[in-house]
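Residue numbers (this note's numbering), protein chains in the order written: chain F, 78 to 329; chain C, 44 to 288.
Shown next as structure tokens:
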């Protein structure tokens with residue numbers, strides 16, 4: 078073995094000090110700019126935090142990957158869903174006339190929207206790919222109103238950090254950070270391709286996130302809660318996914 | 044101490060600490076990536092070419108195993124347990140270990156001249172004859188000569204360069220081309236490969252090329268003297284007196 082010379086000691090010591098100092102600075106920066114995901118505390122926290130932080134920095138100008146109309150999938154796959162509960166069946170039978178979207182939490186004006194209310198808001202569309210964490214995918218045109226418009230009407234209070242969205246199916250919920258929620262491409266989707274959003278694909282309302290995996294685009298959304306403290310929801314890990322062992326962040 | 048004196052006389056420095064640490068970090072990361080990657084495939088053992096692919100579309104090929112999802116028609120009545128949660132968490136954590144290790148190794152290798160000096164084949168070996176001669180020695184299961192005590196032979200150099208500069212960059216690229224956020228920022232990374240599903244299929248095949256390298260690599264180490272080579276990659280030292288036996 079080589080003897081430890083003074084020079085090696087100085088070089089090594091400097092490298093270790095720089096490494097520890099760098100990590101400390103990185104952690105403070107990450108906390109300040111909200112680059113640590115809600116499930117970033119466990120064994121897989123370092124990997125999740127690196128992915129989330131790096132991808133947030135890569136997409137500060139909110140790009141999305143869009144496709145030409147000719148690439149819309151002729152055979153999209155709806156994926157299996159649990160049988161609908163009685164509440165949903167009743168609303169479905171009534172043509173979703175009594176269906177409401179509730180927006181509350183840290184907002185100036187808690188609000189309720191019918192489907193007609195939502196359709197009267199400015200509509201936009203995107204031809205984007207749904208990619209499932211399992212590996213399969215399809216492309217469709219999604220038509221709806223940006224979540225940001227609804228949040229603007231409700232008046233998001235400045236302390237807000239996350240937007241929680243819940244399915245009419247009990248126990249299914251997700252959240253995104255305020256930055257993703259304000260992205261004009263984050264769409265409250267009511268239409269798909271040439272018609273209304275089919276129930277199999279999440280109708281009457283699905284929150285579409287084109288930069289994240291399919292499971293973040295929650296089906297049957299009927300409740301949106303803005304919050305300054307994500308720890309208050311479920312097990313405090315930002316969505317129901319970590320309870321099943323899945324990551325909160327679906328960018329990869 | 045007499046023992047220390049003897050070690051000092053017969054030991055020859057072989058691998059630097061940086062090569063050894065990055066080698067074993069890569070081994071650990073690759074093992075985790077391979078295990079979790081194969082596990083993730085179980086949730087959809089069908090592969091496609093192009094941008095999109097799902098159970099309503101014709102696959103390029105399927106792997107004849109049961110799936111961990113009921114929605115995948117596999118011909119088996121059995122549905123495997125879903126292990127994708129921790130598999131995906133671990134896959135990406137290990138991918139970070141691999142990428143950061145590769146960055147440290149790559150920058151150091153360029154800066155220190157490691158690639159130029161130790162991995163680029165020597166001028167006299169840049170001909171087919173040199174490759175064939177060394178292959179013949181391996182096939183006869185000859186122990187390496189003394190010239191390989193502190194230097195890689197031409198087959199090793201070429202294989203290592205291919206893995207470092209072709210296979211690992213490709214497996215990282217095809218992996219990132221499946222990330223919806225990464226491809227939103229850099230759409231060409233998926234488009235150049237022929238689409239998201241093509242990237243997934245290529246990711247799968249490049250993995251098997253890396254596994255092929257691993258198998259041949261370990262076999263060659265065994266032919267050349269497993270204990271001696273392992274000791275060199277762990278302690279950094281080898282012994283010249285044993286070489287060529």
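Don't be surprised by glycine CBs; every beta carbon is placed ideally from N, CA and C.
Remember, it's a predicted structure, so these values are computed and weren't measured experimentally.
Beta strand (DSSP E) containing residue i: first to last residue?
i                      : result
residue 223 of chain F : 214 to 223
residue 190 of chain F : 188 to 190
residue 182 of chain F : 178 to 182
residue 158 of chain F : Premise fails: residue 158 of chain F is in no beta strand (DSSP E) and is neither H nor E.
residue 75 of chain F  : Residue numbering for chain F in the displayed model covers 78 to 329; residue 75 of chain F lies beyond these limits and cannot be assessed.
residue 245 of chain F : Careful: residue 245 of chain F lies outside any beta strand (DSSP E) and carries neither H nor E.
residue 303 of chain F : 298 to 304
residue 207 of chain F : 201 to 208
residue 56 of chain C  : 54 to 56
Which first and last residues belong to the alpha helix (DSSP H) in which residue i is found?
i                      : result
residue 66 of chain C  : 60 to 85
residue 125 of chain F : 122 to 135
residue 265 of chain C : 239 to 278
residue 233 of chain F : Looking at the DSSP string, residue 233 of chain F is not in any alpha helix (DSSP H), and its letter there is neither H nor E.
residue 214 of chain C : 211 to 219
residue 87 of chain F  : 83 to 109
residue 202 of chain C : 197 to 205
residue 232 of chain C : 231 to 234
residue 224 of chain C : 223 to 228
Write down the C-beta distance between residue i and residue j rounded to the nearest angstrom, noting that I regard them as a contact closer than 8 angstroms.
i                      : j                      : result
residue 135 of chain C : residue 247 of chain C : Actually they do not touch by this definition, with Cβ atoms about 17 angstroms apart.
residue 221 of chain F : residue 286 of chain F : Contact flag wrong, Cβ pair sits at about 12 angstroms.
residue 234 of chain F : residue 183 of chain F : 4 angstroms
residue 125 of chain F : residue 326 of chain F : 6 angstroms
residue 315 of chain F : residue 116 of chain F : 6 angstroms
residue 296 of chain F : residue 244 of chain F : 6 angstroms
residue 328 of chain F : residue 222 of chain C : 6 angstroms
residue 200 of chain C : residue 164 of chain C : 5 angstroms
residue 142 of chain C : residue 174 of chain C : Not really, about 31 angstroms apart at Cβ, beyond 8 angstroms.
residue 185 of chain F : residue 231 of chain F : 7 angstroms
residue 232 of chain C : residue 219 of chain C : 6 angstroms
residue 140 of chain C : residue 72 of chain C  : 4 angstroms
residue 256 of chain C : residue 202 of chain C : 7 angstroms
Taking C-beta to C-beta, are residue i and residue j nearer than 7 angstroms?
i                      : j                      : result
residue 192 of chain F : residue 281 of chain F : yes
residue 64 of chain F  : residue 187 of chain F : Any question about residue 64 of chain F goes unanswered here, given that chain F covers just 78 to 329.
residue 203 of chain F : residue 219 of chain F : yes
residue 165 of chain F : residue 216 of chain F : no
residue 205 of chain F : residue 224 of chain C : no
residue 99 of chain C  : residue 278 of chain F : no
residue 117 of chain C : residue 111 of chain C : no
residue 58 of chain C  : residue 263 of chain C : no
residue 303 of chain F : residue 240 of chain F : yes
residue 239 of chain C : residue 94 of chain C  : yes
residue 150 of chain C : residue 210 of chain C : no
residue 54 of chain C  : residue 83 of chain C  : no
residue 228 of chain C : residue 140 of chain F : yes
residue 187 of chain C : residue 267 of chain C : yes
residue 133 of chain C : residue 217 of chain C : no
residue 120 of chain C : residue 279 of chain C : no
residue 372 of chain C : residue 67 of chain C  : Since the displayed chain C opens at 44 and closes at 288, residue 372 of chain C lies outside it and no answer follows.
residue 226 of chain C : residue 133 of chain F : no
residue 149 of chain F : residue 242 of chain F : no
Contiguous alpha helix (DSSP H) assignments of at least 4 residues, all confined to the region 99 to 172 of chain C: 127 to 155
Of all the residues that make up the region 203 to 227 of chain C, which are near chain F by a beta-carbon distance shorter than 9 angstroms? 218, 219, 221, 222, 223, 224, 225, 226 and 227
The region 231 to 262 of chain F: positions lying closer than 7 angstroms to chain C by Cβ: none
In chain order, what residues of the region 260 to 279 of chain F put their CB closer than 7 angstroms to some CB of chain C? none
Compile a chain-ordered list of the residues in the region 205 to 224 of chain F whose CB is closer than 7 angstroms to at least one CB of chain C. 206, 208, 210, 211, 212, 213, 214, 215 and 216
Chain F contacts made by the region 175 to 188 of chain C, where a contact means CB separation under 8 angstroms: none
Taking beta-carbon pairs under 8 angstroms, can you tell me which members of the region 280 to 291 of chain F lie near chain C? 287, 288, 289 and 290
Chain C contacts made by the region 146 to 170 of chain F, where a contact means CB separation under 9 angstroms: 148, 150, 151, 152, 153, 154, 156 and 157
Segments of 3+ residues assigned as beta strand (DSSP E) that fall wholly inside the region 260 to 290 of chain F: 264 to 269 and 283 to 285
Closer than 7 angstroms between beta carbons: that is the criterion. Which residues of the region 139 to 164 of chain C meet it against chain F? 139
Output, in sequence order along the chain, the residues in the region 131 to 143 of chain F whose CB is closer than 8 angstroms to any CB in chain C. 132, 135, 136, 140, 141 and 142
Give, in chain order, every residue of the region 239 to 270 of chain C whose Cβ lies closer than 8 angstroms to some Cβ of chain F. 239, 240 and 243
Scan the region 292 to 305 of chain F for residues whose Cβ lies nearer than 8 angstroms to a Cβ of chain C and list them as they occur along the chain. none
Taking only beta carbons into account, state which residues of the region 84 to 104 of chain C come closer than 7 angstroms to chain F, listed in chain order. 86, 87, 94, 95, 96, 97, 98, 99 and 100
Contact residues within the region 104 to 130 of chain C, judged by C-beta distance below 7 angstroms to chain F: 112, 113, 114, 127, 128 and 129
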